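My numbering numbers the first residue of the sequence shown as 1081 and each following residue consecutively. Backbone N, C-alpha and C define an ideal beta-carbon position, used for all residues, glycine too. Quick caveat, the model's predicted, so the values are computed rather than measured.
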Amino acid sequence: ERERDKENKEEMAAGRGAIIMVDGSVLEGGGQILRNTVALSAILGLQVEIRRIRRGRAKPGLKAQHQCGIELVSRMAGARLVGCERNSTEVDFDASQGRGLAGGDYIADTKTAGSCTLLAQTSLLPALFATSPCKLDLRGGTDAGMAPPADYLAHVLLPNLRHFGVTPDLTLCTRGFFPRGGGRIILSTTPVTSLRPVVMDEPGAVEKVRCFAFAAGKVLPTVARAAADRVLARLAARFGDLTPSEAAAAASEPLR
């Protein structure tokens, strides 16, 4: 593996043009700068070197979700990779010599409870700018710590993306939780060549609040029900009493 990385690095050095250096320790020093860098580099056909990856975390370097997401976008863009292995703090990603972003069906499996939705953060924008429709079959944790849950994609991110003129479709196949994972979501995209500019500077009024609670493994459904009831009680104290039908819908409505 190290010998192949050395050969790839030499090849990239021989054909390199302008290289963008990215310090992965800036701001919170987490994985977001890594995901954004890889996504934008793939779209723009750039060569980047990312250093000090996740320096702000207790355990720096690539984890399963980061490695899986970078490898997925690399396949989509035909990019060359160096250093994309578990716990690595340095990655070279070169999409400058690739064939461009290719549509098609892709599978990315963290084989852990690593977040499916963070895989989506890495790959969704490249998929939107591919040459043909994409189907991203993403596997791991759908409801993981330190990551937006699948419901956030369905009810917040994707509805807001529609303002920009894109309409990705999300299917939740199976929920996956820590420590086993095993979750699966499918994102389907239709390609675009540009995004529509929008102005979103007014938060608006709160019209509806929904609560989602789930139980898995040895956790009984009554535990999820009790958690939902506590949340609904706090919401009622803040926004006024909820009718039983509203409370039931808010606590139990499934993601479709």
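Answer yes or no: do T1270 and P1206 have a C-beta to C-beta separation smaller than 9 angstroms? no
Would you list the one or two residues that DSSP bridges to V1102? I1130
Unbroken beta strand (DSSP E) run spanning F1173, endpoints: V1171 to D1174
Secondary structure of A1188, DSSP reduced to three states: strand
Are the segment 1096 to 1105 and the segment 1146 to 1153 touching by the rule of at least three beta carbon pairs closer than 8 angstroms? no
Given that a residue counts as buried once 16 or more other Cβ atoms are within 10 Å of its Cβ, and exposed if not, what is P1337? Residue coverage of the chain in this structure runs from 1081 to 1336, which leaves residue 1337 outside it and unanswerable.
T1302, enclosing beta strand (DSSP E) - first and last residue: Run containing T1302: none in the beta strand (DSSP E); it sits in the alpha helix (DSSP H), P1301 to F1319.
So G1149 is in the alpha helix (DSSP H); what residue range does that whole segment cover? A1144 to A1157
Can you give me the Cβ contacts of G1158 inside the same chain, cut-off strictly under 6 angstroms, excluding the 5 residues immediately before and after it? G1178 and R1179
Count Cβ pairs between the segment 1183 to 1196 and the segment 1105 to 1122 that sit closer than 8 angstroms; are there 3 or more? no
If I measure Cβ to Cβ from D1249 and keep anything under 6 angstroms in the same chain, skipping five residues before and after, which residues do I get? S1268
Report yes or no: do the segment 1251 to 1264 and the segment 1291 to 1300 share at least 3 C-beta pairs separated by less than 8 angstroms? yes
May I have the straight-line CA-CA distance separating R1134 from K1191, to the nearest angstrom? 21 angstroms
Buried or exposed, going by whether 16 or more other CB atoms sit within 10 Å of the CB of I1187? exposed
From which residue to which residue does the beta strand (DSSP E) around L1275 run? Element bounds for L1275: n/a, residue is neither H nor E.
Go ahead and label R1318 buried or exposed: buried means 16 or more other beta carbons lie within 10 angstroms of its beta carbon, across all protein chains shown. exposed
Meets three-Cβ-pair contact criterion under 8 angstroms: the segment 1124 to 1141 and the segment 1163 to 1176: yes
Any idea what DSSP makes of D1249, helix, strand or coil? strand
With 16 other CB atoms within 10 Å as the buried threshold, where does V1278 fall? exposed
Nearest to V1246 by alpha carbon, out of L1208, Y1232, I1266 and S1154? L1208
Separation of K1288 from R1305, as counted between CA atoms: 20 angstroms
Spatial neighbours of G1261 within its chain, please: CB distance less than 8 angstroms, with the 5 preceding and 5 following residues excluded, ordered by chain position. T1190, K1191, T1192, A1193, G1194, R1219, G1220 and G1221
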